[in-house]
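Each remark here refers to the structure printed beneath this line.
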Amino acid sequence: MSHRYRTIWLSDVHLGTSGCQAGFLLDFLKHNDADTLYLVGDIIDGWQLKKSWYWKQAHNDVVQKVLRKARKGTQVVYVPGNHDEAARQYAGLDFGGIAIRSEAEHRTADGKRLLIIHGDEFDGVIQHVKWLAYVGDSLYTLILGLNRHYNWLRHKLGRPYWSLSQYLKHKVKNAVNFISDFEHILAAEARRRGFDGVICGHIHKPEVKDIDGIVYGNCGDWVESLSALVEHHDGRLEVVYWTQLAAHAADMQSQPATRPAAADTLAPQAAQQETAPCAS
Ligand SMILES: [Mn+2]
């Protein structure tokens with residue numbers, strides 16, 4: 001079972017962390033090929049590697065597989081993200097057939113111009129609400145207590161009631177809307193720069209949709225979603241999930257005994273992992 005697309009976009013692989021599902025990605029790369037492969041940032045997690053070295057054979061295999069694709073004629077473009085920002089200093093250079101660019105432009109088969117960026121550049125815009133995503137229950141309870149005391153004081157001073165908890169709830173709601181904000185900001189940036197769409201990563205939320213007439217695509221990640229964004233030969237974009245592809249491959253085999261070992265050994269359930277809503 002192997003599939004050839006016009007384009008494949010991958011992001012947020014986080015090689016060098018224990019969370020990286022390198023085995024699944026390796027399987028995906030074995031069975032899926034493209035004329036052009038974009039690596040849309042956070043491919044190697046330099047932040048984590050600096051803290052503690054984690055590098056398994058499967059991580060090497062992924063790198064080798066990508067280099068091999070480049071040798072075999074796949075055009076590989078690497079747009080670094082914030083976790084592999086060290087690679088940004090090499091933007092404009094080519095190594096082993098891999099073009100490193102701070103951003104890229106892709107034209108689809110049906111003529112759409114897409115901006116390819118990781119997306120962390122826009123964190124600053126939404127940063128003011130981001131930290132609230134990490135506010136836990138205990139802190140919320142504390143805030144409710146503070147609110148009660150604060151309003152008792154306000155009452156004593158003859159001031160009207162003001163709900164700190166309502167105010168913060170509104171802020172937390174904004175934090176939960178981080179994904180939506182991110183998507184809209186990226187789409188707006190693509191529009192501002194005259195592109196028909198944008199392909200990014202960073203927020204670990206695979207997606208392809210229309211936002212006010214702009215194509216918004218997000219590759220997802222290989223920590224929890226196990227997803228890639230692909231372009232079919234007619235220019236149609238689609239999010240593909242490794243779990244679906246593996247299940248499909250298994251279905252194609254009528255004889256369970258001849259089922260490829262990969263589909264059995266790489267059970268999708270292994271991908272369970274908790275991540276913060278705006279893990280970046
Ligand atoms: Mn990122």
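Residue numbers (UniProt numbering): 1 to 280.
Beta carbons are placed, not taken as given, at the ideal position from N, Cα and C, and that holds for glycine.
Remember, it's a predicted structure, so these values are computed and weren't measured experimentally.
Query, Result
"Valine 223 versus lysine 50 - alpha carbon distance", "19 Å"
"Leucine 156 classed as buried or exposed, judged by whether at least 16 other C-beta atoms fall within 10 angstroms", "The residue you asked about is not leucine; residue 156 is lysine in the sequence shown. Answer is exposed; the Cβ neighbour count stays below 16."
"Expected contact under 8 Å - CB spacing of threonine 7 and aspartate 35 to nearest Å", "7 Å"
"Spatial neighbours of histidine 232 in its chain, beta-carbon cut-off 6 Å, leaving aside the 5 residues before and after", "none"
"Alpha carbon of alanine 246 to alpha carbon of histidine 184, nearest angstrom", "32 Å"
"Inter-stretch contact at 8 Å, needing at least 3 Cβ pairs: the stretch 109-116 / the stretch 187-201", "yes"
"7 Å CB neighbourhood of cysteine 200 in its chain, flanking five on each side removed", "Val40, Ile117, His118, Gly119, Leu186, Asn218"
"CA-to-CA distance, arginine 148 to tyrosine 5, given in whole angstroms", "59 Å"
"Which of helix, strand or coil DSSP assigns to lysine 69", "helix"
"Near ligand 1: aspartate 12 beta-carbon under 7 Å from a heavy atom", "yes"
"Three-state secondary structure assigned by DSSP to arginine 236", "coil"
"Three-state secondary structure (DSSP) of isoleucine 185", "helix"
"CA-to-CA distance, phenylalanine 178 to alanine 133, given in whole angstroms", "Only weak support is given to the placement of alanine 133: the predicted model assigns it a pLDDT of 47, under 50, and the value that follows is read from those uncertain coordinates. Rounded to whole angstroms, alanine 133 to phenylalanine 178 spans 8 Å at the Cα level."
"DSSP three-state assignment for serine 2, whether helix, strand or coil", "coil"
"Contact belief for alanine 70 with proline 80 at Cβ below 8 Å, rounded distance in angstroms", "That belief does not hold up - the Cβ atoms of alanine 70 and proline 80 are roughly 16 Å apart, past 8 Å."
"N- and C-terminal bounds of the beta strand (DSSP E) containing histidine 106", "104-107"
"Cross-strand partners of alanine 228 (DSSP beta bridge)", "Val240"
"From Ser227, Glu121, Gln57, residue whose alpha carbon lies closest to that of glutamate 189", "Glu121"
"Minimum C-alpha distance to valine 182 - residue among Trp242, Ile211, Arg159", "The sequence given here has phenylalanine at residue 182, not valine. Here the closest residue by C-alpha is Ile211."
"Pairwise C-alpha distance: glycine 213 and cysteine 278", "Bear in mind that a pLDDT of 38 at cysteine 278, under 50, signals an unreliable position, so the number given afterwards is only what the model happens to contain. Distance between the alpha carbons of cysteine 278 and glycine 213 is about 25 Å."
"Assigned secondary structure, glycine 213 (DSSP; H/G/I helix, E/B strand, else coil)", "coil"
"Heavy atom of ligand 1 within 7 Å of glycine 73 beta-carbon", "no"
"7 Å CB neighbourhood of threonine 17 in its chain, flanking five on each side removed", "Asp45, Gln48, Tyr54"
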